[in-house]
Amino acid sequence: MKIGRLLLRLIVGSLFFGHGTQKLFGWFGGHGLDATANMFDSIGMRPGSRNAVAAGLAEAGGGVGIALGLATPLSASLLTATMLTAINRVHLKNGPWVTNGGYEYNLVLIAAVLAIVDIGPGGLSLDHLLDNERTGPRWTLAALGLGVAGAAGAHFAAESYPAPVEAPAEATAGASSYGDASAPNESQEAGTAQ
Numbered sequence: 002m003k004i005g006r007l008l009l010r011l012i013v014g015s016l017f018f019g020h021g022t023q024k025l026f027g028w029f030g031g032h033g034l035d036a037t038a039n040m041f042d043s044i045g046m047r048p049g050s051r052n053a054v055a056a057g058l059a060e061a062g063g064g065v066g067i068a069l070g071l072a073t074p075l076s077a078s079l080l081t082a083t084m085l086t087a088i089n090r091v092h093l094k095n096g097p098w099v100t101n102g103g104y105e106y107n108l109v110l111i112a113a114v115l116a117i118v119d120i121g122p123g124g125l126s127l128d129h130l131l132d133n134e135r136t137g138p139r140w141t142l143a144a145l146g147l148g149v150a151g152a153a154g155a156h157f158a159a160e161s162y163p164a165p166v167e168a169p170a171e172a173t174a175g176a177s178s179y180g181d182a183s184a185p186n187e188s189q190e191a192g193t194a195q
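Okay, so the sequence shown: first residue is 2 according to this note's numbering, each after it adds one.
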């Protein structure tokens, strides 16, 4: 059982660490912070740069915490929040199946980190070494509750941030010739068209 928990923690934690550093630094084939920020802006997680940093730090930090078995409930809550946010912003509309871009993988990861909290990180963990293990149903529910609160907070913060105002196509086309005496004005264009 100790080896199984250790393997679960190391695999899940290291994958989250990799996912977070893909966002932050472009490591492991990731796109880096600027591209991640642009993607976050496109899904309404505004401002994209702030949310990209927050998600990257939560995934990388939570992943390290799970892998080491350190502050396990807190680490699990950080990862749960990022996965719930991903479900809400990207995957929910696609249904459950990952083959359709759905949320099944996100749910499996949430279940995995919460299971680690419930059974504890095990004897081969820093929480055990520091005599700081927090396990069982109450800590699992607390980690889940914090994760839900974190995801809700990220959602409402993004929604309260104003969306960028895009200029209408006509205004941007007209703006390039505004004030140019050689450019026809609307009345001249109307007369030409008739």
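Heads up, the beta-carbon is just placed ideally off N, CA and C, and yes, glycines get one too.
- Pairing I117 with L7 gives a Cβ-Cβ distance that is not under 8 Å.
- Per the Cβ contact rule, the region 68 to 85 is in contact with the region 122 to 133 (3 or more Cβ pairs under 8 Å).
- Taking G14 as reference, the option from F157, E167, G148 and A113 with the minimal CA-CA separation is A113.
- By the Cβ rule, the region 49 to 64 counts as touching the region 13 to 30, because three or more pairs are nearer than 8 Å.
- For S78, the secondary structure class from DSSP, reduced to helix, strand or coil, is helix.
- With respect to K3, L125 sits close: the two C-beta atoms are nearer than 8 Å.
- For N101, no alpha helix (DSSP H) encloses it, and the DSSP letter there is neither H nor E.
- Scanning its chain for C-beta atoms nearer than 6 Å, with the 5 sequence neighbours on each side dropped, one finds around N52 the residues F41 and M46, in chain order.
- For S126, the secondary structure class from DSSP, reduced to helix, strand or coil, is coil.
- Under the criterion of beta carbons closer than 8 Å, L11 and T81 do not qualify as touching, at roughly 19 Å.
- Here G70 carries a coil assignment [DSSP, helix/strand/coil].
- If you draw a straight line from the Cα of A143 to the Cα of P165, it comes to about 36 Å.
- Contact annotation: T141 and L110 have beta-carbon atoms that are not nearer than 8 Å.
- In chain order, N101, G102, G103 and Y104 place their CB closer than 8 Å to the CB of N95, counting only its own chain and leaving out the 5 sequence neighbours on each side.
- Within the same chain, Cβ atoms closer than 7 Å to the Cβ of I44 are found at R90 and V91, the five residues on either side in sequence being excluded.
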